[in-house]
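Here my numbering is used: position 149 in the sequence shown is 149, and no number is missing along the way. The beta carbon of each residue, even a glycine, is placed where N, CA and C say it ideally should be.
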Amino acid sequence: MAGTGTAHLREHDARLTVEDLVVEFRTKGGHTVRAVSGVSFDVLPGETLGIVGESGCGKSSVARAVMHLPAPVSGRVRLGSVSLGELDAGALRRSRVAMQIVFQDPVSSLNPRRKVKDLVQEGASIWGQGSASSRSAAARSVLDAVGLDPDVVWNRRPHELSGGQCQRVSIARALVMEPELLICDEILASLDVSVQAQLLNLLRTAKGERRLSMLFIAHDLAAVKNISDRVLVMYLGKVCEVLDVGVLDRPVTHHPYTRLLLESVPVVSASRVAPVRGSAAAQDLPSPIDPPSGCRFRTRCPLATDRCAAEEPVLEAKADGQFVACHEVP
Ligand SMILES: Nc1ncnc2c1ncn2[C@@H]1O[C@H](COP(=O)(O)OP(=O)(O)OP(=O)(O)O)[C@@H](O)[C@H]1O
Ligand code: SF4
Ligand SMILES: [Mg+2]
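Structure below.
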């Protein structure tokens, strides 16, 4: 199996279940980019799963594959009891009402010819939800909630907005559909700290009131720690560690890559985690065209042994609420 295990999947009724997801790209030179290689996770109703890892590790590829935009090379994605891979094109489009995504690059994800009022109401109009006046009222209300004055932005097009304002229009157009699952791909990156706090509060309210489930993707642990119930740490298309967010502050032994991420978060690094020594932090991600054998982190890992080159580690339960894929973590 290409994957890094499924020990962390739960038996409850998950809202989203992803098993052994594989995403690959063909380059012009005929190579295969192994962007995601056997990633599994689940998200319960009202739960937020943070996905963290450095640039190029495959976070956005996971997000798009969950939405089937496009479908993954292999693996299963279930929204509730519905297996997306078994749906025809029409049913798949309908399933996306319940499953919304805010893309990492908001400007290019918005149709440049459409005005904000149309962008935000588009989904509800297509699916004939409510009357024209109720759709308009809902759009104005959600724009206000994301910190945009509807009277100011209503008739503007994306090129008349800043990157941060486009980001908020994207969030508004996803939230107005009242989805069961919201995928947020680096949504805070282009926003001021005060707007970030406002949006996080809005998402927390939706979690509490509507049991909204979320995938919350970011580069760094500090951002995901704030909103997530559970965190999945990715490295070069694989899962290193899955943990309840409270485990971050407990004196447990983390995956060496998680330790590297923790060292770059001042508040969290006050916890008693053994640092990873050496120059791992300064090294680049290896190429996903020819990833290292065995454990993909081994070329940067100060604890690597011969076994790590020969045998891929699978996720195993370690502390309560913690699953780690590493031969050396006790
Ligand atoms: N359309 C594509 N064609 C070829 N390679 C791609 C394509 N999209 C992504 N990749 C490659 O797949 C890998 C994973 O990319 P992805 O965008 O999923 O990473 P990411 O974790 O979201 O990074 P970032 O934090 O920078 O957004 C990278 O090596 C990337 O270069
Ligand atoms: S399996 Fe080996 S190379 Fe991978 S993280 Fe653990 S010790 Fe390091
Ligand atoms: Mg990305």
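Check, Outcome
"Own chain, CB closer than 6 Å to Gly-208, minus 5 neighbours either side, in chain order", "none"
"Which of helix, strand or coil DSSP assigns to Ser-134", "helix"
"Helix, strand or coil at Gly-30 [DSSP, three-state]", "coil"
"beta-carbon Lys-207 near ligand 1 non-hydrogen atom, thresh 6 Å", "no"
"Alpha carbon of Ala-223 to alpha carbon of Leu-285, nearest angstrom", "21 Å"
"Expected contact under 8 Å - CB spacing of Leu-243 and Val-231 to nearest Å", "6 Å"
"Nearest neighbour of Cys-57, chosen from Tyr-257, Val-169, Ser-134 and Leu-9 [CA to CA]", "Tyr-257"
"DSSP state of Cys-326 mapped onto helix, strand, coil", "coil"
"Where Ser-331 falls: helix, strand or coil (DSSP)", "Here the chain has residues from 1 to 330 only, and residue 331 is not among them."
"Cut-off 6 Å between Cβ atoms - residues of its own chain near Gly-46, not counting five sequence neighbours on either side", "Lys-207 and Arg-211"
"Contact set for Ala-270: own chain, Cβ-Cβ below 6 Å, skip 5 residues either direction", "In this prediction, Ala-270 scores a pLDDT of 38, lower than 50, which makes its location untrustworthy; the coordinate-derived value is nonetheless stated afterwards. Excluding positions up to five away in sequence, the list is empty."
"Contact between the segment 94-104 and the segment 130-142 (3+ Cβ pairs under 8 Å)", "no"
"Straight-line gap, Val-66 to Pro-72 (C-alpha atoms, nearest Å)", "8 Å"
"Lining residues of ligand 2 - beta-carbon closer than 5 Å to any non-hydrogen atom, in sequence order", "Pro-256, Cys-295, Phe-297, Arg-298, Cys-301, Leu-303, Ala-304, Cys-308, Pro-313, Cys-326, His-327 and Glu-328"
"Chain-order list of residues whose beta-carbon lies under 6 Å from that of Ile-289 (same chain, five-residue window excluded)", "His-31 and Val-33"
"Alpha carbon of Pro-275 to alpha carbon of Glu-263, nearest angstrom", "Note that Pro-275 scores 46 on pLDDT, short of 50, meaning its location in the model is unreliable and no value can be drawn from it."
"Any non-hydrogen atom of ligand 3 within 6 Å of Gln-167 CB", "no"
"Distance cut-off 6 Å: Cys-240 Cβ against heavy atoms of ligand 1", "no"
"Contact test: Lys-59 Cβ vs ligand 1 heavy atom, cutoff 6 Å", "yes"
"Counted within 10 angstroms of its Cβ, other Cβ atoms place His-255 as buried (16 or more) or exposed", "buried"
"Outcome for Pro-106 when other beta-carbon atoms lying within 10 angstroms are tallied against a minimum of 16", "buried"
"Continuous beta strand (DSSP E) assignments of at least 3 residues falling wholly in the segment 161-191", "181-185"
"Val-233 vs Gly-321 beta-carbon contact at 7 Å", "no"
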